[in-house]
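Following my numbering, the numbering of the sequence shown begins with 8 at its first residue and continues without gaps.
C-beta atoms are modelled at their ideal positions from N, C-alpha and C, and glycine is treated no differently.
The structure under discussion appears below in the form of structure tokens.
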Amino acid sequence: MKKVILAIIGMAALSAPSDAGLFDFESLATGNIGGFALTDGGVTGTFSASSATAHQVQDLGTNAPAGWLSRTLLPELFNANHTFVTFNVGLTLVAFQFGDFGSDDDFMHLRAFDSSNVLVGSADVFYATSQTIPGNVGNIAVTTSGGPIMSIELWEDGQGGTNDIYIDNMRFDAVPEPATMAALALGVGALIRRRKKA
8 MKKVILAIIG
18 MAALSAPSDA
28 GLFDFESLAT
38 GNIGGFALTD
48 GGVTGTFSAS
58 SATAHQVQDL
68 GTNAPAGWLS
78 RTLLPELFNA
88 NHTFVTFNVG
98 LTLVAFQFGD
108 FGSDDDFMHL
118 RAFDSSNVLV
128 GSADVFYATS
138 QTIPGNVGNI
148 AVTTSGGPIM
158 SIELWEDGQG
168 GTNDIYIDNM
178 RFDAVPEPAT
188 MAALALGVGA
198 LIRRRKKA
């Protein structure tokens, strides 16, 4: 009986999308790019911009921070121009790394919204002129204070003019599927009842 329950739990876990994922931009070709979509762990993120200005995918070479591999995204981040990402499933967390080459002070802004476009989380991180990549990598994260995160908006305020901020390693946690949670709860409950009888 115990083996059967464990097998059911295992199948439920394998059939469900992974709860965590990463967009590292490695599948994108370098150069200008408009809207695009990335998928990992059952989560698809569709990237778009607030104007016709294209995003850029760049290879920073030896200037890339450790762990950024060969592709990094230069989003549309200048003040009024924002980048948007919509998700096909609800998330509980979105986080990414960022940095630039230190020409001015910057603020990275991140906002998260539910399916009704209601704000459910926000974060703002300061990146000083004295910080430069590859040595200094900023981290920004947002978790939901309400419903699942279905979209995010991100932008940068350059304090000394138009200044690019590169981003990479966008991590996210998906809301566990109800069916998976129910199967796991039933399995655990059965195991507890069986142990009590023994």
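Hey, out of the options, whose CA is closest to residue i's CA?
i, options, result
"Gly165", "Asp113, Val182, Asp175, Gly145", "Asp113"
"Phe43", "Trp75, Leu67, Leu80", "Leu80"
"Ile159", "Ala135, Ala119, Val182", "Ala119"
"Ile156", "Asp121, Trp162, Tyr173", "Asp121"
"Ile172", "Gly153, Pro183, Gly154, Asn143", "Asn143"
"Asn124", "Gly154, Pro141, Ser110", "Gly154"
My guess is that residue i and residue j are in contact by the Cβ rule of under 8 Å, so how many angstroms apart are they, rounded?
i, j, result
"Thr99", "Thr151", "6 Å"
"Ser52", "Asn176", "The sequence shown places Gly at residue 52, rather than the Ser named in the question. 13 Å between Cβ atoms; not a contact."
"Gly128", "Val96", "Contact doesn't hold; Cβ gap of about 16 Å is too wide."
"Thr136", "Phe108", "Wrong, their Cβ atoms sit about 10 Å apart, outside the cutoff."
Where does residue i fall in DSSP's three states?
i, result
"Gly42", "coil"
"Asn146", "strand"
"Ile12", "Any reading at Ile12 must be qualified, since the residue scores a pLDDT of 43, below 50, and its modelled position is unreliable; the value itself is stated next. The answer is helix: DSSP assigns Ile12 an H, G or I state."
"Gly28", "strand"
"Ala88", "The sequence shown places Asn at residue 88, rather than the Ala named in the question. In this structure, Asn88 counts as coil in the three-state DSSP scheme."
"Asn95", "strand"
"Gly165", "strand"
"Gly153", "coil"
For residue i, collect the residues of the same chain with a Cβ closer than 8 Å to its Cβ; drop the 5 residues on either side in sequence, then sort them by chain order.
i, result
"Ser57", "Glu83, Ala87, Asn88, His89, Thr90, Phe91"
"Ala102", "Asn146, Ile147, Ala148, Val149, Met177, Arg178, Phe179"
"Ser77", "Glu33, Asp66, Ala71"
So, is residue i buried or exposed, given that buried needs 16 or more other C-beta atoms within 10 angstroms?
i, result
"Ala36", "exposed"
"Asp66", "exposed"
"Leu126", "exposed"
"Phe105", "buried"
"Phe3", "Limits of the chain in this structure are 8 at one end and 205 at the other, which puts residue 3 out of reach."
Please return the same chain residues whose Cβ sits closer than 7 Å to the Cβ of residue i, not counting the five positions on each side in sequence.
i, result
"Asp7", "Examination of residue 7 is not possible in this model, given that the chain is present from 8 through 205 alone."
"Ala130", "Leu117, Ile147, Ala148, Val149"
"Asp47", "Gly28, Leu29, Phe30"
Among residues of its own chain, excluding the 5 on either side of residue i, which ones have a beta-carbon nearer than 6 Å to its beta-carbon?
i, result
"Asn39", "Ala61, Gln63"
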